[in-house]
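Engineer: Read the sequence shown against full-length UniProt numbering and you will find it ends at 68, with the numbers running on by one and no gaps. Where is the CB? At the ideal position from N, CA and C, for every residue including glycine. Computed from a predicted model, the values in this text were never measured in an experiment.
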Amino acid sequence: MEQQSASPINVLHAIRMTDKAWRSVSVTTISNCFKICEFSMSQEEASEEPLEPDMRLEADWNKLQNTE
1 MEQQSASPIN VLHAIRMTDK AWRSVSVTTI SNCFKICEFS MSQEEASEEP LEPDMRLEAD
61 WNKLQNTE
């Protein structure tokens with residue numbers, strides 16, 4: 001059996017992997033988890049419209065990405 005050497009993972013790589021994993025989770029999966037935990041929203045509270053991004057957070061994220 002061939003062994004593969006482990007490549008080092010830094011914080012940025014870990015963040016990117018976490019982001020990729022989170023984005024691969026479907027809306028249905030998240031909804032089912034909330035139902036199992038007995039969290040629910042009425043139809044009036046649930047909105048299909050995306051929330052406005054926090055501009056300061058977006059600026060900080062862009063700075064972080066440009067520090068490689």
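#1: For the alpha helix (DSSP H) containing serine 31, name the first residue and the last one.
#2: From the DSSP output, in three-state form, read off alanine 6 for me.
#3: Given this structure, state the Cα-to-Cα distance separating serine 26 from serine 5, to the nearest angstrom.
Structural biologist: To lay it out plainly:
#1: Position 31 of the sequence shown, counting from 1, holds the residue named residue 31. Taken as a continuous stretch (DSSP letters only), the alpha helix (DSSP H) holding serine 31 covers 27-36.
#2: Within the sequence shown, residue 6 is the residue found at index 6, counting from 1. It is coil, neither helix nor strand.
#3: Residue mapping note: residue 26 aligns to position 26 of the sequence shown, counting from 1. Residue mapping note: residue 5 aligns to position 5 of the sequence shown, counting from 1. Approximately 32 Å, taken between the alpha carbons.
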